[in-house]
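Asker: Got a structure here, written out as structure tokens. Questions coming.
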Amino acid sequence: MSDPGICSRPSPIAGLGLFATRAFAPQERIAAYSGRVVTRPPDEAKASGKVFALEIAPGTWLDGSTEDNLSRHANHACHPNAELVWDEALATAWLTATHPIAIDEEITFDYGFSLAESLFHPCACGAPDCVGRIIATPLRPAFRRHLRFSRPRD
Ligand SMILES: [Zn+2]
Numbered sequence: 002m003s004d005p006g007i008c009s010r011p012s013p014i015a016g017l018g019l020f021a022t023r024a025f026a027p028q029e030r031i032a033a034y035s036g037r038v039v040t041r042p043p044d045e046a047k048a049s050g051k052v053f054a055l056e057i058a059p060g061t062w063l064d065g066s067t068e069d070n071l072s073r074h075a076n077h078a079c080h081p082n083a084e085l086v087w088d089e090a091l092a093t094a095w096l097t098a099t100h101p102i103a104i105d106e107e108i109t110f111d112y113g114f115s116l117a118e119s120l121f122h123p124c125a126c127g128a129p130d131c132v133g134r135i136i137a138t139p140l141r142p143a144f145r146r147h148l149r150f151s152r153p154r155d
């Protein structure tokens, strides 16, 4: 069997992470995010808190909970090195490198969480400027302002 180029193993960010077993160049497809297309997100309670799903269009989700979907282990990071790109023709989401990725480097992407979702999901990516919450890149400046205003003033 050929090397898929990725493996899952314990991550310093959270739980199991996804790691490169070979180098990837920017724009290179790393792996498919495989799953079943469903019209509502998987029930977090039924899945005992372990949900792997991707909103591919408003109200349409890719349930990636299956064992063969290694991409589900990719963690969020404030400075990710990959992104998920939806391929309409193949109806497949591709985890795609956005930066050069070295062997043994953890593969991360922006989970794109809303402000409300971010409140329940701390980020521990380890970046010096980590905002401390899993939140979509465009919302981060707003979130930083919120943190500043919620701090007591002297
Ligand atoms: Zn972070």
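Here my numbering is used: the first residue of the sequence shown is 2, the next is one more, and so on.
Backbone N, C-alpha and C fix where the C-beta goes; we use that ideal spot for every residue, glycine too.
Because the structure is a prediction, the values reported are computed rather than measured.
1. If you compare alpha carbons, which of Arg10, Ala15, Val38, Ala24 is closest to Glu89?
2. Evaluate Ala54 with the Cβ neighbour count: other Cβ atoms within 10 Å of its Cβ, from every protein chain shown; 16 or more gives buried, anything less gives exposed.
3. Would you be able to state if there are at least three C-beta pairs under 8 angstroms between the segment 135 to 143 and the segment 53 to 67?
4. Beta carbon of Ala58: closer than 7 angstroms to some heavy atom of ligand 1?
5. Give the DSSP bridge partners of Val86, in chain order.
6. As a quick check of your reading: which residues have a C-beta less than 5 angstroms from at least one non-hydrogen atom of ligand 1, in chain order?
7. Do the segment 27 to 41 and the segment 70 to 86 touch if we need at least three Cβ pairs shorter than 8 angstroms?
8. Taking the alpha carbon of Ala128 as the reference point, which residue from Ala78, Ile102, Gly65, Phe144 has its own alpha carbon closest?
9. Under 8 angstroms Cβ to Cβ from Gly65, same chain only, skipping five residues before and after it: list those, please.
10. Is Phe144 helix, strand or coil by DSSP?
11. Ser35 by DSSP, collapsed to three states: which one?
12. Hey, would you say Glu84 sits closer than 8 angstroms to Asp111, going by beta carbons?
13. Measuring straight from C-alpha to C-alpha, what distance separates Pro13 and Ala125?
Answerer: Answer, in terms of the structure:
1. Val38
2. buried
3. no
4. no
5. Trp95
6. Cys79, Cys124, Cys126, Cys131
7. yes
8. Ala78
9. Tyr34, Ser35, Gly36, Phe53, Ala54, Leu55, Ser72, Arg73
10. helix
11. coil
12. yes
13. 8 angstroms
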